[in-house]
Structure formats: C-alpha cells, structure tokens
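Notes to accompany the following structure.
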Amino acid sequence: MTTTALHRKRTQAGVRPFDLYRDAGQVAELIAVAFQDKLGPSGQAALAKMRRVARWGPLLWWLYWAGWNQAGFTPGFVWVEQDHVVGNVSLRRTLEWGAFFVGNVAVH
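The sequence shown runs contiguously to residue 256 in the numbering used here.
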C-alpha cells in the first residue's frame with residue numbers, strides 16, 4: 149500500500165521579509181530590469197555579484213545564520229505577486245540607534 153500526500157503550494161501576495169535563499173535571484177533580476185540603463189560600471193559589478201551570490205543556493209542559508217544575522221544584516225522586504233518578486237526595498241542600519249537607511253528601491 150502506498151500513501152501519497154499532496155501539498156498545494158501556497159501562493160503568497162503582498163509584502164514579506166526578504167528571504168535570501170528564496171529571493172536573491174529574483175531581486176537581482178528585478179534590479180537589472182528596474183535600473184537597466186542607469187547602472188554604471190560599479191552598479192554592473194554589484195549586479196554581477198548579486199547574481200553569483202544567488203547561484204550559491206543552500207550555502208546562502210548557512211552564510212546568513214553563520215555571520216550575516218549576527219552582524220545585524222537587515223536586507224529588507226519584497227513585494228510578491230503570482231510567485232514573482234515585483235518590488236524590493238533594502239534597509240541598512242545607520243550609526244544612530246533605531247534608525248535605518250532605505251535604499252535599493254526597485255519596482256517592476
């Protein structure tokens with residue numbers, strides 16, 4: 149006798165915290181589309197690095213918990229529609245306690 153459980157993937161829409169493992173590749177492509185003709189050499193290099201990091205797959209989870217999380221890494225939020233990241237905002241801590249710098253806002 150074989151038992152099979154069917155799990156339906158839950159589609160989530162709206163704002164949610166950035167998930168490095170799940171969202172890195174889509175955020176890199178979103179930034180490429182949103183800033184396509186505005187990226188200079190340093191922006192292109194940063195985008196290439198984001199794409200490389202996105203390919204690291206499961207290693208991202210380990211890196212996040214091994215160091216980035218303890219360092220106060222606060223990547224931000226994504227907006228998801230039909231399982232695609234269509235918006236992104238990054239948050240970075242400032243030197244002032246409790247304050248954040250909002251950057252890397254992209255929507256497509």
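We put the CB at the ideal spot given by N, CA and C, even for glycine. Note that the coordinates shown come from a computational prediction; the quantities given were computed from them, not determined experimentally.
- In this model, residue 225 and residue 256 are separated by some 15 Å (Cα to Cα).
- Residue 253 and residue 167 have their C-alpha atoms spaced approximately 16 Å apart.
- Look at residue 189 here: in three-state DSSP terms it is helix.
- With respect to residue 251, residue 238 sits close: the two C-beta atoms are nearer than 8 Å.
- For residue 229, there is no enclosing alpha helix (DSSP H); the residue is found in the beta strand (DSSP E) stretching over 225-229.
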